[in-house]
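Residue numbers (this note's numbering): 1343 to 1432.
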């Protein structure tokens, strides 16, 4: 298993606690790409920073979608400086 990789256990991702997101504050989302033919969606999320000069959690997620449902998720996370909040857009 590679460092930083999240493993979803037999119970599935829907059973994981979302309590951490209450502490992280507001989230800024951006859909990066959608390939409808391949059923792939790439999403970037950055959570708010509660203190001046703090870092933020930034996540890139890829979803495999077919038959109207998400069947696979891959995620890559990094802690980035707040200056990168918009990811280079704007």
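For every residue, glycine included, the Cβ atom is placed at its ideal position computed from N, Cα and C.
Residue from the options with nearest C-alpha to residue i
{"i": "residue 1378", "options": "1415, 1409, 1416, 1390", "result": "1409"}
{"i": "residue 1418", "options": "1382, 1424, 1402", "result": "1402"}
Sequence-distant residues of the same chain with beta carbon closer than 6 Å to residue i, five excluded per side
{"i": "residue 1384", "result": "1374, 1375, 1404"}
{"i": "residue 1371", "result": "1387"}
{"i": "residue 1344", "result": "Bear in mind that a pLDDT of 48 at residue 1344, under 50, signals an unreliable position, so the model cannot answer this."}
Contact check, residue i vs residue j, beta carbons under 9 Å
{"i": "residue 1414", "j": "residue 1426", "result": "no"}
{"i": "residue 1360", "j": "residue 1389", "result": "no"}
Close Cβ partners of residue i (< 7 Å) along its chain, the five nearest in sequence each way excluded
{"i": "residue 1420", "result": "1400"}
{"i": "residue 1422", "result": "1397, 1398, 1400"}
Spatial neighbours of residue i in its chain, beta-carbon cut-off 8 Å, leaving aside the 5 residues before and after
{"i": "residue 1381", "result": "1406, 1407, 1408"}
Three-state secondary structure (DSSP) of residue i
{"i": "residue 1365", "result": "helix"}
{"i": "residue 1425", "result": "helix"}
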